[in-house]
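**Student:** Supplied in structure tokens, the structure appears directly below.
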Amino acid sequence: MIDTLATVLDWFGILVFATTGALVASRKQMDIVGFLMLGTATGVGGGTIRDVLLGLPVFWIAGPGYLIACVAVSAATFFLAHIPESRLALLLRFDAIGMALFAVTGADKTLAVGASPVVAVAMGVVTATFGGVIRDILGGESPVILSREIYATAALAGALVFVLLTWSGFSRDLGLVTGFLIAAATRLGALHWNWTLPRYRP
Amino acid sequence: MIDTLATVLDWFGILVFATTGALVASRKQMDIVGFLMLGTATGVGGGTIRDVLLGLPVFWIAGPGYLIACVAVSAATFFLAHIPESRLALLLRFDAIGMALFAVTGADKTLAVGASPVVAVAMGVVTATFGGVIRDILGGESPVILSREIYATAALAGALVFVLLTWSGFSRDLGLVTGFLIAAATRLGALHWNWTLPRYRP
Amino acid sequence: MIDTLATVLDWFGILVFATTGALVASRKQMDIVGFLMLGTATGVGGGTIRDVLLGLPVFWIAGPGYLIACVAVSAATFFLAHIPESRLALLLRFDAIGMALFAVTGADKTLAVGASPVVAVAMGVVTATFGGVIRDILGGESPVILSREIYATAALAGALVFVLLTWSGFSRDLGLVTGFLIAAATRLGALHWNWTLPRYRP
Numbered sequence: 002m003i004d005t006l007a008t009v010l011d012w013f014g015i016l017v018f019a020t021t022g023a024l025v026a027s028r029k030q031m032d033i034v035g036f037l038m039l040g041t042a043t044g045v046g047g048g049t050i051r052d053v054l055l056g057l058p059v060f061w062i063a064g065p066g067y068l069i070a071c072v073a074v075s076a077a078t079f080f081l082a083h084i085p086e087s088r089l090a091l092l093l094r095f096d097a098i099g100m101a102l103f104a105v106t107g108a109d110k111t112l113a114v115g116a117s118p119v120v121a122v123a124m125g126v127v128t129a130t131f132g133g134v135i136r137d138i139l140g141g142e143s144p145v146i147l148s149r150e151i152y153a154t155a156a157l158a159g160a161l162v163f164v165l166l167t168w169s170g171f172s173r174d175l176g177l178v179t180g181f182l183i184a185a186a187t188r189l190g191a192l193h194w195n196w197t198l199p200r201y202r203p
Numbered sequence: 002m003i004d005t006l007a008t009v010l011d012w013f014g015i016l017v018f019a020t021t022g023a024l025v026a027s028r029k030q031m032d033i034v035g036f037l038m039l040g041t042a043t044g045v046g047g048g049t050i051r052d053v054l055l056g057l058p059v060f061w062i063a064g065p066g067y068l069i070a071c072v073a074v075s076a077a078t079f080f081l082a083h084i085p086e087s088r089l090a091l092l093l094r095f096d097a098i099g100m101a102l103f104a105v106t107g108a109d110k111t112l113a114v115g116a117s118p119v120v121a122v123a124m125g126v127v128t129a130t131f132g133g134v135i136r137d138i139l140g141g142e143s144p145v146i147l148s149r150e151i152y153a154t155a156a157l158a159g160a161l162v163f164v165l166l167t168w169s170g171f172s173r174d175l176g177l178v179t180g181f182l183i184a185a186a187t188r189l190g191a192l193h194w195n196w197t198l199p200r201y202r203p
Numbered sequence: 002m003i004d005t006l007a008t009v010l011d012w013f014g015i016l017v018f019a020t021t022g023a024l025v026a027s028r029k030q031m032d033i034v035g036f037l038m039l040g041t042a043t044g045v046g047g048g049t050i051r052d053v054l055l056g057l058p059v060f061w062i063a064g065p066g067y068l069i070a071c072v073a074v075s076a077a078t079f080f081l082a083h084i085p086e087s088r089l090a091l092l093l094r095f096d097a098i099g100m101a102l103f104a105v106t107g108a109d110k111t112l113a114v115g116a117s118p119v120v121a122v123a124m125g126v127v128t129a130t131f132g133g134v135i136r137d138i139l140g141g142e143s144p145v146i147l148s149r150e151i152y153a154t155a156a157l158a159g160a161l162v163f164v165l166l167t168w169s170g171f172s173r174d175l176g177l178v179t180g181f182l183i184a185a186a187t188r189l190g191a192l193h194w195n196w197t198l199p200r201y202r203p
């Protein structure tokens, strides 16, 4: 049941990320092909880098489903961008769900190939954040990890908790759910209460 | 004969892309090593990303030919950049040929590893455009896919036509030639008549 | 003994590169997670791209050591950045050592998988410079290869000398040491005497 839920949330995360990519395209007033490229690259980017680094087959090569879904969402955003724009607060919260899910599933997939816990935490952060990094680089925006918001930190917290629980002998399911909740709560709390970490001061 | 032609055009595309990379280096007044790096990265970039995503051996690792050719063209541009500059209109048309070729051969190589038609179309676009994306990111220019020109759209049209024809049972040769002609004609028409697609308007 | 030395210098190079990444984070006044991400990506970036292009397992996936070391150095920089900052001249010289080492070991690893000498030289340059390229792109800085300083040139010189010596039948050890010294001397000389190569002039 956890795996069914993870699959549903995996698709959910990819589609939310694709929407955030298409919204950058709308901000840059691109044409529909620009929407498709930026939306799709953002949706599948983080998982693609994860698979390439782990030496696994890239997940969206095996079947057309992921690409079709990203293309459909990006095209819909071209015609209906006023909806996600007026719902930006909602979208940011959906994005938090996608990010939290990618953080734990990225770490889980890394443990499954036999890598060490530390590597799994790093890969969770990469999976959760690099779709956004690719979006910002292709879209000519300042990279997300430079922002003052708590984002990568939430992914790190979730991946760390998942890996620690698994490593301590708790079940994978408990780890996935707890890590996911920690990451989502951290990001949602940061959005709601404007949490930040102390910055480096010269 | 199609394969011989495709090989010739493949080299042609790589060398034209390398020249466009070296021309960005000339605009930034880089030294000769900068020309070599930017020219070579642009020439082989799109095909490199294609091969990494498909899990194939990267094409320029197998032999020195591609790198030597890119280095030679980039070095020549350092000494003779006034020639491609004064021939920019011509170069843009050569670039259209290279892009059109990469769109269909990228899709073709993807079908050859057994991936689905949708994935093949996406990979055709990636192969045709990501050399330019790498050039713009390394060169500190605004990414090409943000430009108002029809470029990725032409690659998409060519890859789509090639995949549709192949999928409908037409011969691979007919698909390659038709897709190539569609992509090249779309881009050349866009250059000549300043075609654009409608932009997103808020 | 050369291999022991190479291992020590390999770690040394990764840690110096991680420090330069963390120093960009300090310049951007990021929080500690930003330091960790930028430092680690810079430390392992060049070798990661080398391994992905060669189709080898990515070196830091196999064990946690490299990541832990990068994280530790990046975190230390968050609290102690005034030390590397006040020692910037020293750090640039350490960075030259790391770059020189990566240039020859990147080329060496490429020859070891049976690739041609030309490919090995290119991969030496990629290994030595792309950690810095990733640092600059993620950190929103102008890419290092656009700078007027001699950097990639030094990597190219070292990789070229190593490959030429090996190819001429000299021992691998002699090639590694000589190539390393050439690359380091070129970069250190450029830092000390402000050497530059002639720029392209329109």
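Protein chains in written order, with the working numbering: chain A, 2 to 203; chain B, 2 to 203; chain C, 2 to 203. Beta carbons: idealized from backbone N, C-alpha and C, even for Gly.
1. Could you give the first and the last residue of the continuous alpha helix (DSSP H) run that contains A160 (chain C)?
2. For I146 (chain A), count neighbouring C-beta atoms within 10 Å of its own C-beta (all shown protein chains included) and say buried if the count is 16 or more, exposed if not.
3. For the stretch 74-88 of chain A, enumerate the residues whose C-beta is nearer than 7 Å to any C-beta of chain B, in chain order.
4. Below 8 Å on C-beta distance, what does S143 (chain A) contact in chain C?
5. Given 8 Å as the limit, is there contact between the stretch 179-191 of chain A and the stretch 63-74 of chain B, that is, 3 or more CB pairs closer than that?
6. Put R136 (chain A) into one of helix, strand or coil per three-state DSSP.
7. Is T43 (chain C) closer than 8 Å to F18 (chain C) when the C-beta atoms are compared?
8. Taking just the CA atoms, how far does F163 (chain B) sit from F13 (chain A)?
9. When you compare the CB positions of A153 (chain C) and V126 (chain C), do they come within less than 8 Å of one another, or not?
10. Taking 8 Å as the CB-CB cut-off, is L39 (chain B) touching chain A?
11. With C-beta atoms as the reference, is A191 (chain B) less than 8 Å away from A104 (chain B)?
12. By the three-class DSSP mapping on this structure, what secondary structure does R51 (chain A) have?
13. Is R200 (chain A) helix, strand or coil when you go by DSSP?
14. Among the candidates A:T187, A:L93, A:C71 and A:S148, whose CA atom is the shortest distance from the CA of L37 (chain A)?
15. For the 8 Å Cβ check, are there 3 or more pairs between the stretch 131-146 of chain A and the stretch 168-178 of chain A?
16. Take T41 (chain C) as the anchor and find which of C:I135, C:P118 and C:K110 has the nearest alpha-carbon.
17. Less than 8 Å between CB atoms is the rule here; does S169 (chain B) satisfy it with respect to chain A?
18. Under the rule that 16 or more other beta-carbon atoms within 10 Å means buried, what is A113 (chain C), buried or exposed?
19. Are A76 (chain B) and G107 (chain B) close, meaning C-beta to C-beta below 8 Å?
20. Is it right to say S172 (chain B) is buried, meaning 16 or more other beta carbons lie within 10 angstroms of its own, or is it exposed?
21. Which stretch, first to last residue, makes up the alpha helix (DSSP H) that contains K29 (chain B)?
22. From B:L189, B:L10 and B:R200, pick the residue whose C-alpha is nearest to that of L93 (chain B); which is it?
23. List the residues of chain C that V59 (chain A) touches, going by C-beta distances under 9 Å, in chain order.
24. Does the separation of the CB atoms of L54 (chain A) and V45 (chain C) fall below 8 Å?
25. Can you give me, in chain order, the residues of the stretch 89-122 of chain B that have a beta carbon less than 9 Å from any beta carbon in chain A?
26. Using the three-state DSSP reduction, which class does I98 (chain B) fall into: helix, strand or coil?
27. Please list, in chain order, the chain A residues whose beta carbon lies closer than 8 Å to that of T154 (chain B).
28. Which residue's Cα is closest to the Cα of A101 (chain C): C:A73, C:V9, C:A155 and C:F79?
29. Closer than 7 Å by beta-carbon distance: list the chain C residues that pair up with G64 (chain B), in chain order.
**Tutor:** Once the coordinates are examined:
1. A153 to W168
2. buried
3. F79 and A82
4. G141
5. no
6. helix
7. yes
8. 32 Å
9. yes
10. no
11. no
12. helix
13. strand
14. A:C71
15. no
16. C:I135
17. no
18. exposed
19. no
20. exposed
21. Per DSSP, K29 (chain B) belongs to no alpha helix (DSSP H) and is neither H nor E.
22. B:L189
23. Chain C residues near V59 (chain A): none, gap ~12 Å exceeds 9 Å.
24. no
25. T111, V114, A116, S117, P118, V119, V120 and V122
26. helix
27. D32 and V34
28. C:A155
29. S117
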